[in-house]
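I have placed the structure first, in the form of structure tokens, so that the comments after it can refer back to it.
In UniProt numbering, the protein residues as written are 1 to 579.
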């Protein structure tokens, strides 16, 4: 059904002029190695995550009371705009696609590197520049029109701050287009010849669907922002009603990208879950083809749901009906994935590692966000809760409870592969508990705030909402503190953690067939796919057990089957044989 791989002895590759391993200072400069670029993406995105999180905590401190007694309303507006922009464009998207995508895709398909290494490096370095523009905008008062930048508000407020905001998004979008092209070519053209399409890891399917979606939608956002830039700085009237422009056209251009952007953030996370759950459940993935094809279905249907963000913008009834139906349809392939993961967990030998805990937590959080999303996808209900805290609760359950939980799951799962060190499980579990409590305490009460009518994006509110806002602020403090054990665990473990072997979890996909961390060009000899990455407990894993048997006996025949398996791998396969 699927794949896995055993490196075979072939003609050695010609020697390359490179060091035996990258030094720490190589990660701070221009480097075309996909693994270095992946870690650069992850670390840079995490720094922006801290910045955006501090802004969120400042806003929650302001919302502790009904009056503007902590942040000036203008500062609150700029923090609101930059928080949303940072978390979406500089944290989740770069970490999920740029970070994990760059690090894992070549390893998973058996390639030495990405198809266009220099293009890959350039795509990364656009992100710090974009982030610098965004932070610099705060010196000029910041963009204050929200992360959607709707005109006419974005035209009549802070021109310099809004212009820097637009430049930031255009640079990030350019990086996204470059990366998407690179991923598509790498997956389609550089996978090892022995790997069949039904053997491609599900993470690669998710990245492929994400890249196609990015290529289709990102240029539309870029066009809308360039026109907005002209309106702000050069006196044009594309979105100025007094000059014959139409503000609703901007909303169409913005949301044609920005709703698929939800899938740009969540599809790679779905791919991470499809890799984490089978390995730590010690059970083959349920419904491989259904999960793979549902990613493509989300990619297609996701392009036809954007108008549900505009049900209150004078949308005609026939359009409301069409996009209500398309919004409900897009939930179907997502539900297929959820049921497949639950079926994979059912009856599995679950190991509750930190990565697995975050993966299971993601399932719960995403289902919660998905249920509220279905309600808002229906026009009659959406009209009543539009621009209320019900919307804030929904997208934070989807994006924080979904995407961020998934990023944490991926970091814990592949940390030994990336660093060659094992992390501390106790600190990882403390991190999970604090994150789970903080997430629900912060965002669950917001549903009630929205249903009672509290509008979002405001610094001052009616005193009747104060008690619930107290709970949300306490939750945000716990959520902020949850980052501390994670940060300490990662830094300490990277420097002093126990050394990890090539395959500490007993995974079957290609990245686990090389050393931890991988050598510069990934393998001495390119691997050959002989069995599936999700074939836990199947007859095909007999080859692995036989290989370990030869190793334990000191047989010279092991050279014929490539690198040895680890003790963790062998013990897990021995357990599988008893199923």
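The beta carbon of each residue, even a glycine, is placed where N, CA and C say it ideally should be.
Quick caveat, the model's predicted, so the values are computed rather than measured.
- Boundaries of the beta strand (DSSP E) harbouring residue 528: 527-529, taken from the DSSP string.
- Residue 498 carries a coil assignment under DSSP once its states are collapsed to helix, strand and coil.
- Within the same chain, 44 come within 8 angstroms of residue 128 by CB-CB distance, once the 5 residues on both sides are set aside.
- Per DSSP, reduced to three states, the secondary structure at residue 421 is strand.
- CA-CA distance, residue 272 to residue 234, rounds to 45 angstroms.
- No Cβ-Cβ contact shorter than 8 angstroms links residue 389 with residue 282.
- Taking C-alpha positions only, residue 243 is separated from residue 363 by approximately 49 angstroms.
- For the pair residue 206 and residue 474, the Cα-to-Cα distance works out to about 36 angstroms.
- Judged by DSSP secondary structure, residue 69 falls outside any alpha helix (DSSP H); it is assigned neither H nor E.
- From the listed residues 350, 460, 195, the smallest Cα separation to residue 529 is found for 195.
- In terms of Cα proximity to residue 116, the closest of 137, 34, 350 is 34.
- Counting C-beta atoms within 10 angstroms of its own C-beta, residue 231 has 16 or more neighbours from the protein chains shown and is therefore classed as buried.
- Under the Cβ criterion (8 angstroms, minimum of three pairs), the stretch 294-310 counts as touching the stretch 246-260.
- For residue 464, there is no enclosing alpha helix (DSSP H), as DSSP marks it with neither H nor E.
- Secondary structure in the stretch 70-113: the alpha helix (DSSP H) runs of 4 residues or longer, each lying completely within the stretch, are 73-85, 102-109 in chain order.
- Taking residue 434 as the centre and dropping the five residues before and after it, the same chain places the C-beta of 478, 479, 481, 482, 485 closer than 8 angstroms to its C-beta, in chain order.
- A check of alpha carbon separations from residue 288 across 222, 324, 190, 204 identifies 204 as the nearest.
- Inter-residue distance for residue 322 and residue 331 is about 15 angstroms (C-alpha atoms, whole angstroms).
- Residue 37 is positioned such that its CB atom lies closer than 8 angstroms to that of residue 102.
- Where residue 296 is concerned, the enclosing alpha helix (DSSP H) starts and stops at 288-301.
- Listed in chain order, the non-local C-beta contacts of residue 148 below 7 angstroms within the same chain comprise 254, local neighbours out to five positions each way being set aside.
- In the three-state DSSP reduction, residue 522 falls in the strand class (E or B).
- With 16 or more other Cβ atoms from the protein chains shown falling within 10 Å of its own Cβ, residue 511 counts as buried.
- Annotation for residue 230: the continuous alpha helix (DSSP H) segment containing it runs 202-233.
- Per the coordinates, the alpha-carbon of residue 118 lies some 6 angstroms from the alpha-carbon of residue 32.
- Note that the C-beta distance between residue 158 and residue 144 is below 8 angstroms.
- Annotated as distal: residue 268 and residue 186, with beta-carbon spacing of 8 angstroms or more.
- If the five residues before and after residue 180 are omitted, its C-beta is found closer than 7 angstroms to the C-beta atoms of 211, 214, 215, all from its own chain and listed in chain order.
- Rounded to the nearest whole angstrom, the C-alpha separation of residue 141 and residue 312 is 30 angstroms.
- In the structure shown, the three-state DSSP call for residue 145 is coil.
- Straight through space, the alpha carbons of residue 177 and residue 146 are spaced by roughly 24 angstroms.
- The beta-carbon separation of residue 265 and residue 92, rounded to 5 angstroms, stays under the 8 angstroms limit for a contact.
- For residue 461 and residue 190, the gap between their C-alpha atoms comes out near 56 angstroms.
- Following the DSSP letters along the chain, one finds residue 318 inside the alpha helix (DSSP H) bounded by residues 317-345.
- Two segments are said to touch when three or more pairs of C-beta atoms, one from each, lie closer than 8 angstroms; by this definition the stretch 342-362 touches the stretch 417-433.
- For residue 407, same chain residues with a beta-carbon under 6 angstroms away, outside a window of 5 residues either side, are 95 in chain order.
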